[in-house]
Each structure stands twice: as C-alpha cells, then as structure tokens.
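Note that my numbering has the first sequence beginning at 53, numbered continuously upward.
So the structure is just underneath, and the comments pick up after that.
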Amino acid sequence: MPHENPTDALLAHFDRTRRDMPWRRTSDPYAIWVSEIMLQQTRVDAVIPYYERWMARFPSIEALAGADLDDVLVQWQGLGYYSRARNLHRAAMVVRERLGGRVPREAEELRRLPGVGEYTAGAVASIAFGRRVAAVDGNVRRVLSRLYDLERPRAADLRRLADDLVPAARPGDFNQALMELGATICTPRSPRCDTCPVYRWCRARQLGVQENRPRPKQKKRVPEEHVETAVIVREDGALLLVRRPEEGLLGGMWEPPGEHRPAAVRALIDGADPGPEMEPVVHVFSHKRVTYRPRIHHAVGASLPDGSGVAWVTGERLSGYALPVAQARIARRALRLLGGGLSVASHTGA
DNA sequence: AATACGGGGCC
DNA sequence: GGCCCAGTATT
C-alpha cells in the first residue's frame, strides 16, 4: 500500500530495513552522544569497535569526566579528528560540574557544549530526548537536495526545510531514517533509485539530474610536506616519545620527535650518535600529504628524564601511549628493528 | 565562505 | 589515486 507522504514512506522503510548498531540498543543519552561524536565524518563500521571499547572503559559521564586526557586519547587512537576526543572530555567535565551530571535535553543547550555543532545537537535532542528538531548531516543534505532538486542549498534553507519535515511522533527515527537512506540508497554516486521508498516524490529523479544534486564541489590538490622524525633509542632499548601541543594537528598525541622538538630533546639529538635512516612513511591527511623521514639516533649516557611531555618507552609500554597512525607505525618498526636482536651497526656494515 | 582537522574503505 | 564519509571550530 502506497504511503500518502514521504515521511511515512521513509519511516516504514526504516522500520523494515533497520540496521543493528550498538547505540541503537540504548536510551542512555550519554551513549547516544558518544556515538554521534564518533560518527562525525566517520563511517558506521569504523565506529562500532571504538564505541564498544569506549563504553566499556568510560561507561558514564562521571567516568569520562574523571579520566585523564591521555587515557581518553588512547581510546580514540586511530579514529582521527582528535579534537573530538578532547572536546568530548571537556564537555563531560562541563556536564558534571555545571549541569548536575545530566546531558541537556534541548538542542540549543547541547549546542553550547564543546564539540557539539548544529548537527550533533539536533541528533542527540531528537534521538535521545524525542525533541522535534532536525539533524542535517551530509546524507540529509544530499537526500533533500535531490528530493527538492536543490543545486546549491544554503545551510539555513536546508535546516528550515528539514525542521518542517520532522514529525512530532518519531523525530529521532525520522532523522536516522533520512541519514540511513543517504548512506544506503541515496548514495553520492549511482543512487539506487529503483529501491528508494520516496522515489515518487523525488524531483531530481524526475528530471534525471539526481547524480548532480547537490552539485559536487571542486576538488583542490593538497600540499605535500616532509617531516624529519628522530627515532631516539637509549642503551636499554627504550624509545623517546614527546607529547604534541594540545592544540592543532594531532593535538595531545605522542610521537617520536618530529616538527615539535623541545630544547632538551634537540640537545639530546645533537649529542647522540647518528644512525641510519629508516624507510619513509607517507601519510595522507584530508588537507595535506606528509612524508615522514625517520632517522635513528643512539643516545649514549642520556640524562633526559621522563615527565612534562617526554617519555622513554619500551615495546610493551607503547600501547599505553596515544600515537597517530603514521607515528605508531614508525615506533613499532623501530622497536622491532632494534629489539629484534639485530644491531643497527650490522645493518649499516659499520 | 573558506580552511584546518584523520583515517580508512571503496571504486 | 581520488572520493567522501551521521561535522566542528576558527577565521
């Protein structure tokens, strides 16, 4: 039986095809909030294992608010966009200290928390609290652009449109249904219009322009960058890590010294025996492509102590530090190389 | 309005 | 190798 309107048709399709996601089995606003932060610019399948580990490690606002940032970043390691973890941690402290430990129910209140933007505020308010408010993400933007044949929709217009569409009955399900449609059927390329529940209302499909709605933005080439990485190894085989500044790229993460080198570390490198170069590691970010060039340095009689953003780490302790993917690769490679019973000298023939 | 900000999976 | 993802903060 055909539905009278796209809202009902969409919800019926959502009920029929509902995917299993761990955060859909809970009504805990904190859990839903965590899932929405993790899902920012990140696919469902990538999030699931992180979400499970996170909820086991930080099961409540109190647990998260009481944790060290280093532990928080270890849990987030590999997910990317680390400001999400730092902001979520800060926001948990705000909720604990100023909001009586309760997640705000209204989108405008949620919006004030660090890391919560227009989309996430609407998603949490509607899904966790049943508020009638829109949640416009990239999927919704695409679906609505096609339904109404919008070439370059402005965020404010999209927002108004979506707000009008959200039903009072099941706002959270409706928002998720819209996103789900975008993720599974109304995809960026080759949308599966033949199985779309709102096909008969889709203006772009009627005009045959669905692949160009919204209009794709022009790509720009990303700059290339080279970073010298100092793999500093002590006589006992420990590797030196430094902590990056909390602001900016990979903020708060640990790494073998790259572009960020405290004076004491520079002095240590100057006094160390230069060893061979390791294989370069290329890492592609969203906005640049970085080639890391690791060089081994043997620190002899090093007197740099642990603390204040500096740590000597052995193989079994490495997992206790949050490293970006590329730097983790370098560190693992270095420890394997130097701890594997092969001296570096034998590699260089010295 | 444009840019910084990760990482991975898919074509 | 390019594309793009359940975006946010900053400028």
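Every residue gets a Cβ at the ideal spot worked out from N, C-alpha and C, and that includes glycine.
Own chain, CB closer than 6 angstroms to S197, minus 5 neighbours either side, in chain order: On the first sequence, residue 197 is found 145 positions in, with the first residue counted as 1. Within the same chain, Cβ atoms closer than 6 angstroms to the Cβ of S197 are found at P205, R265 and P266, the five residues on either side in sequence being excluded.
Unbroken stretches of the alpha helix (DSSP H), 4 residues or longer, contained in the region 243-316: Entirely contained in the region 243-316, the alpha helix (DSSP H) runs reaching 4 residues are, in chain order, 255-259.
N- and C-terminal bounds of the alpha helix (DSSP H) containing P346: In the first sequence, residue 346 corresponds to position 294, counting from 1. Not the alpha helix (DSSP H): P346 falls in the beta strand (DSSP E), residues R341 to H350.
Would you call the CB atoms of A186 and L217 closer than 9 angstroms? Numbered from its first residue, the first sequence carries residue 186 at position 134. Numbered from its first residue, the first sequence carries residue 217 at position 165. Taking 9 angstroms as the Cβ cut-off, A186 and L217 qualify as a contacting pair.
So, do the region 87-102 and the region 243-257 have three or more beta carbon pairs nearer to each other than 8 angstroms? Result no; under three Cβ-Cβ pairs closer than 8 angstroms.
Other residues of its chain near N227: CB distance less than 6 angstroms, five sequence neighbours each side excluded: Mapped onto the first sequence, residue 227 falls at position 175. Excluding sequence positions up to five before and after N227, its CB lies within less than 6 angstroms of the CB of S178 and A187, all in the same chain and listed in chain order.
For V168, the three-state DSSP class (helix, strand or coil): Counting from one through the first sequence, the residue named residue 168 turns up at place 116. V168: coil per DSSP, three-state reduction.
What is the residue span of the alpha helix (DSSP H) that G234 lies within? Counting from one through the first sequence, the residue named residue 234 turns up at place 182. Note, G234: alpha helix (DSSP H), P223 to T236.
Do you know how far the Cα of G353 is from the Cα of W128? Working through the first sequence from its first residue, we reach residue 128 at position 76. Working through the first sequence from its first residue, we reach residue 353 at position 301. Near 35 angstroms, if we compare the C-alpha coordinates of G353 and W128.
Three or more beta-carbon pairs under 8 angstroms between the region 308-322 and the region 286-299, yes or no? At 8 angstroms Cβ cutoff, the stretches touch.
Does the contact criterion of 3 or more C-beta pairs under 8 angstroms hold for the region 320-339 versus the region 378-390? Because the criterion of three Cβ pairs below 8 angstroms is met, the region 320-339 and the region 378-390 touch.
On the CB-based measure, 16 or more other CB atoms within 10 Å of its CB, does R154 come out buried or exposed? Taking the first residue of the first sequence as 1, we reach residue 154 at position 102. An exposed status is given to R154, since fewer than 16 other beta-carbon atoms sit within 10 Å of its beta-carbon.
Would you mind stating whether R313 and A282 have Cβ atoms separated by less than 9 angstroms? Taking the first residue of the first sequence as position 1, residue 313 is located at position 261. Taking the first residue of the first sequence as position 1, residue 282 is located at position 230. Here R313 is near A282, since their CB atoms are less than 9 angstroms apart.
Neighbourhood of G174 by C-beta, 6 angstroms cutoff - its chain only, sequence neighbours within 5 removed: Position 122 of the first sequence holds residue 174. Within the same chain, and ignoring the five residues on either side of G174 in sequence, the residues whose Cβ sits closer than 6 angstroms to its Cβ are A159, V185, A186 and A187.
If you run the structure through DSSP and keep just helix, strand and coil, what is E329? Start at 1 with the first residue of the first sequence, and residue 329 comes out as number 277. Looking at E329 - three-state DSSP - the assignment turns out to be strand.
A374 - DSSP class collapsed to helix/strand/coil: Here residue 374 corresponds to residue number 322 of the first sequence, with the count starting at 1. Secondary structure of A374 (DSSP, three-state): coil.
So, are the CB atoms of G304 and D122 less than 9 angstroms apart? Taking the first residue of the first sequence as 1, we reach residue 304 at position 252. Taking the first residue of the first sequence as 1, we reach residue 122 at position 70. Contact flag set, yes.
Put H141 into one of helix, strand or coil per three-state DSSP. Taking the first residue of the first sequence as 1, we reach residue 141 at position 89. Judged by DSSP in its simplified three-state form, H141 adopts helix.
Return the Cβ separation of A144 and L116 in integer angstroms, given the expectation that the two are a contact with Cβ distance under 8 angstroms. One-based indexing of the first sequence puts residue 144 at position 92. One-based indexing of the first sequence puts residue 116 at position 64. Rounded to whole angstroms, the Cβ separation of A144 and L116 is 4 angstroms, and the two are in contact under 8 angstroms.
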